[in-house]
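Chains as they are written, first to last, in my numbering: chain A, 5 to 232; chain B, 5 to 232; chain C, 8 to 231; chain D, 8 to 231.
The structure appears right after this line, and notes come after that.
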Amino acid sequence: MKPLNRLQMAWRVGQDIEDGTVVNLGLGMPVGVSDYVPHDYDVVVQSENGIIGVGPLASANAADSDLVDAGSRKVTLRAGATIIDSAASFAMIRGGHIDVTILGAFEVASNGDLANWDNRIPDKGPLVGGAMDLAASARAVWVMMEHNTRKGGPRLLEACTLPLTAVRCVKRVYTDIAVLSVTPQGFLVHEILPGISREELQRRTGAPLTFAPDCKDLVTPDIALPEA
Amino acid sequence: MKPLNRLQMAWRVGQDIEDGTVVNLGLGMPVGVSDYVPHDYDVVVQSENGIIGVGPLASANAADSDLVDAGSRKVTLRAGATIIDSAASFAMIRGGHIDVTILGAFEVASNGDLANWDNRIPDKGPLVGGAMDLAASARAVWVMMEHNTRKGGPRLLEACTLPLTAVRCVKRVYTDIAVLSVTPQGFLVHEILPGISREELQRRTGAPLTFAPDCKDLVTPDIALPEA
Amino acid sequence: MAIEKRRATAAEAVAGIGDGATVMLSGFAGAGFANRLVGALRELGPRNLTLVVNSATHRLSNTHELIAAGMVRKVICSAARGHDKSGLSAFEELYKEGRIELEVLPQGTFVESIRAAGAGIPAYFTPTAFGTDLAAGKEVRNFDGRDYVLEKSIPGDAALIRADLADRWGNLTFRHAQMNFGPAMATASKLVVAEVRAFSDTPIPPEQVMLSGVFVDRILVAGA
Amino acid sequence: MAIEKRRATAAEAVAGIGDGATVMLSGFAGAGFANRLVGALRELGPRNLTLVVNSATHRLSNTHELIAAGMVRKVICSAARGHDKSGLSAFEELYKEGRIELEVLPQGTFVESIRAAGAGIPAYFTPTAFGTDLAAGKEVRNFDGRDYVLEKSIPGDAALIRADLADRWGNLTFRHAQMNFGPAMATASKLVVAEVRAFSDTPIPPEQVMLSGVFVDRILVAGA
């Protein structure tokens, strides 16, 4: 089977979002998760620019340049939404009021260390944004990333090689070929893409894996990527 | 001449309030000052319970138990007013956004130390309220108090005997018989009630006085106290 | 399943507040007391409470009933003095006898420490109280020539706050000076219960919401 | 004499911002940039500025014009990376050559430090950035088993912020996510200038005011 595409990864994460929770979705792949939360759920999507209750993307004629999320996307508000200023928004984040934040990452270590802000591109300025606040203080930090780098190297490691975003913060990792949690004993595998053996998953991972007793197949619907 | 009554003291302080300023008026005598600010002035009266722009007391039929100042008085709002929560109100105070606070006091020392919160009544619990925040952080702290205690002792001292509210904070003192400022050299007298000699004022004061070259008579209109 | 934070009775609204809890009560200067909830807490009767409340004695609040009922071990406040000329308040009687603990803070420090707990800040420096008895034993540090006192955050187990209008998400509006300590206390406590005048069947418009429902767990519609 | 904070031109609105000033600029994610005022500041031309701005490079802000004009000595921000695939931003060009100073802060620390300056708090502890390069050299302390970093406040000489509606007292409303850093920056700066869409001849109703005019010194009515 093919590795999950980013929409299938978003679908998979969406299945684990609980009703009634407050979630913050990182730029890039994670924002797609909200499309796969069951429609009858009341999930409050917080965006760190102060929107409490982000709705779907705005249609072209409803787009308002003042109604944007932290990724500059023109969005709508859900019923029950409100908007606060940045100081209040980060007070909410840092104060532990976000149930789950879903972040992209470059690397995750088996102790939960996260590296997702500085991939050392020459000459480019640094960009940290709200990642460190979210990673340090959300009640749960879930990472969504491809299992391996473009060159095939591991992103799940015994220790991060890139600058850290926060220490010991990641609780779960959703990749294109597996679902794992971070435990005091390191990475624990819950789901593997059919066709990938435990040995292959271990070869593609830079830290020792343990497999949950109920480890099962990682299965998602077919979801086509939009035409480029 | 008789010492000023509390309304005449309020009138005298009111003459020194500048147009366009933000003032906080302490409980007791100081709240009366707003009645003597020129009517064409835009003075924003802040009350530490969050009202920015307190207006006159509410008439009996307009009184609203949710629209009260920090002294539990039912008030109105001035044009341009708004209401914020207590955390924001004290952020405003502590951040130096209040131009002048006018506070009552038990004692003021010649270095500007203020004692106005604990007069050591046996068995009574302590009450500090917002006094320490206002005294520490308003741009100017003015005190309004009788020059002497009921027993005739001095309230203006070389060092306070009662627990301090804040150190080196008082800029001006308005009493029933004099107007003084606090300078690096101690108390400087600007106005004295006619009929009180410099020697008598010094006798009634517990710290050395200096007299300003332009020291003049403390004169106010007749203002009768309301019937008790 | 839709979020629905309304509770049918005051008893349900305060259920679960147990012995030893730190309970925050909103209200100041006569406005913003959640007296219906305070009454229900007295009925529930947990012991050894720590109350975080601006005044231990305000005549328009029912705080004194909790104290008089012997449910309170400690009060953290900025005012603990009764204004009743005829005698001492319930708090003062117990205080005189050494049967209740007291922590007095300047009002700005009181509310900033609550805000800090809700904002993930364990401690901060403030100029307030430097050089006074209320800073005794606290760490002092000089920044740019001025002295500051280190103050710690005050987290709560429960907050009972009063507001005007609520919707099913727990979004709140406040009337006038009713707001006071409610928003900060709601951010700082694990269980937040709001007693409101009325319930809005439609969502409160985004720009009218004064406290996000993210901070509110239960609503009691109590009328005016 | 009535308070009247309106200024007739953008030049009058930014007058007095001098060499070496620390200037705060609101705006995030495309909303809330006071670009008219930023343009006037470029015309005014003070040198050696320190900019406090969330992004050194956002394509919808005119911040880069101040940087490209060589007016900026240092930037304090949470994002200094241009998204322009075709090359480096004005900031990145100068940064590469070592001709501009940079202080990068996590966004929550960035805005909390601004809020702290406006709230009279010189320093506070935060969990954010503990154990990372951005905490290098900063004091660390453990509270209740968790490690925190000591961060200092960021005061400004001037703030240029964008809002929706103003009245003559300087009270402001904000549209949607336009609010972002404006309120905090307004509390933290000595001179606060708001560029607004429209002016209200009547006072903005108390419950609609989002930032008190106490924090605002000058208003420029700039249209949409």
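For every residue, glycine included, the Cβ atom is placed at its ideal position computed from N, Cα and C.
Hey, could you find the ends of the alpha helix (DSSP H) residue i is sitting in?
i: SER93/B; result: 90 to 98
i: GLU204/B; result: 202 to 207
i: PHE117/D; result: 114 to 125
i: MET13/B; result: 10 to 18
i: PHE191/B; result: Looking at the DSSP string, PHE191/B is not in any alpha helix (DSSP H); the run it does join, the beta strand (DSSP E), is 190 to 196.
i: PHE98/C; result: 97 to 103
i: ILE226/C; result: Taken as a continuous stretch (DSSP letters only), ILE226/C belongs to no alpha helix (DSSP H), being part of the beta strand (DSSP E) at 225 to 228.
i: GLU110/C; result: Careful: GLU110/C lies outside any alpha helix (DSSP H), inside the beta strand (DSSP E) at 108 to 111.
i: GLY189/D; result: 189 to 195
i: SER74/D; result: First, the amino acid is wrong: residue 74/D is Ile here, not Ser. Run containing ILE74/D: 70 to 75, per the alpha helix (DSSP H) assignment.
i: LEU138/A; result: 135 to 141
Could you round the C-beta distance between residue i and residue j to whole angstroms and report it? I think they count as a contact, below 8 Å.
i: VAL177/B; j: LEU168/B; result: Their Cβ separation, rounded to whole angstroms, is 16 Å, which puts VAL177/B and LEU168/B out of contact at 8 Å.
i: GLY34/C; j: SER68/C; result: 5 Å
i: LEU197/B; j: LEU222/B; result: 5 Å
i: ARG13/D; j: PHE222/D; result: Not confirmed; about 16 Å, so no contact.
i: GLN19/B; j: ILE102/B; result: About 19 Å separates the two Cβ atoms, so there is no contact after all.
i: PRO212/D; j: ALA83/B; result: That belief does not hold up - the Cβ atoms of PRO212/D and ALA83/B are roughly 11 Å apart, past 8 Å.
i: PHE132/C; j: LEU157/C; result: 6 Å
i: THR80/A; j: ALA64/A; result: Rounded, the Cβ-Cβ distance is 12 Å, inconsistent with contact.
i: HIS151/A; j: ALA182/A; result: 6 Å
Using 10 angstroms around the beta-carbon of residue i, count the other beta-carbons present and answer buried if the total reaches 16, otherwise exposed.
i: THR187/A; result: exposed
i: THR209/A; result: buried
i: GLN12/A; result: buried
i: HIS65/D; result: buried
i: ARG54/C; result: exposed
i: VAL35/A; result: buried
i: PRO225/B; result: exposed
i: GLU231/B; result: exposed
i: ASP235/D; result: Outside the shown range of chain D, which is 8 to 231, sits residue 235/D, and nothing can be said about it.
i: ASP89/B; result: buried
i: MET148/B; result: buried
i: GLY94/C; result: exposed
i: ASN149/C; result: exposed
i: ALA139/C; result: Note that residue 139/C is Thr in the sequence shown, not Ala. When all chains shown are included, THR139/C counts as buried.
i: ARG153/D; result: exposed
i: SER219/C; result: buried
Locate the beta strand (DSSP E) running through residue i, then write down its first and last residues.
i: PHE40/D; result: Careful: PHE40/D lies outside any beta strand (DSSP E) and carries neither H nor E.
i: MET148/A; result: 144 to 148
i: PRO217/B; result: 213 to 221
i: THR80/B; result: 79 to 87
i: ASP154/D; result: 153 to 159
i: ALA170/D; result: 163 to 173
When the distance is taken between beta carbons, is residue j closer than 8 Å to residue i?
i: VAL193/B; j: LEU213/B; result: yes
i: ASP137/A; j: ARG98/A; result: yes
i: ALA36/D; j: ALA184/D; result: yes
i: ALA67/B; j: LEU107/B; result: no
i: PHE86/D; j: ILE74/D; result: Rather than Phe, the amino acid found at residue 86/D in this sequence is Ala. No, they are not a contact pair.
i: CYS173/B; j: ALA216/B; result: no
i: ALA9/C; j: ASP46/A; result: yes
i: LEU58/D; j: LEU32/D; result: yes
i: ALA91/A; j: GLU119/D; result: yes
i: THR180/C; j: VAL216/C; result: yes
i: ARG110/A; j: LEU166/A; result: A small correction: the amino acid at residue 110/A is Phe; Arg does not occupy that position in the sequence shown. Yes, these two residues count as a Cβ contact at 8 Å.
i: VAL30/C; j: GLY163/C; result: yes
task: With 9 Å as the C-beta to C-beta threshold (strictly closer), list the residues of the region 172 to 205 of chain A near chain D in chain order.
output: ARG172
In chain order, what residues of the region 82 to 114 of chain A put their CB closer than 7 Å to some CB of chain C?
ALA83, GLY84, ALA85, THR86, ILE87, ILE88, ALA95, MET96, ARG98, GLY99, GLY100, HIS101
Where the region 160 to 192 of chain C meets chain A: residues whose CB sits under 8 Å from a CB there
ASP174, ARG175, TRP176, ASN178
Exercise. Return the residues of the region 201 to 220 of chain D that lie within a Cβ-Cβ distance of less than 7 Å from chain B, sorted by chain order.
Key: PRO210, PRO213, VAL216, SER219, GLY220
Tell me which residues of the region 80 to 108 of chain D have at least one Cβ-Cβ distance to chain A shorter than 8 Å, keeping chain order.
SER85, ALA86, ALA87, ARG88, GLY89, LEU95, SER96, PHE98, GLU99, TYR102, LYS103
Problem - Near-chain B residues of the region 114 to 148 of chain C - C-beta to any C-beta below 8 Å - result: GLN114, GLY115, THR116, VAL118, GLU119, ILE121, ARG122, THR133, PRO134, THR135, ALA136, PHE137, GLY138, THR139, ASP140, LEU141
- prompt: Using a beta-carbon distance cut-off of less than 9 Å, what residues from the region 14 to 41 of chain B approach chain D?
  reply: ASP23, GLY24, VAL26
- Message: At a CB distance below 9 Å, what residues from the region 119 to 149 of chain B approach chain D? Give them in sequence order.
- Response: ASP137, ALA140, SER141
Output, in sequence order along the chain, the residues in the region 29 to 53 of chain D whose CB is closer than 7 Å to any CB in chain A. PHE35, ALA36, GLY37, ALA38
Q. Just by C-beta distance, which residues in the region 10 to 29 of chain D are closer than 8 Å to chain B?
A. ILE10
Of all the residues that make up the region 37 to 69 of chain A, which are near chain D by a beta-carbon distance shorter than 9 Å?
SER51, GLU52, ASN53, GLY54, ILE55, ASP68, SER69
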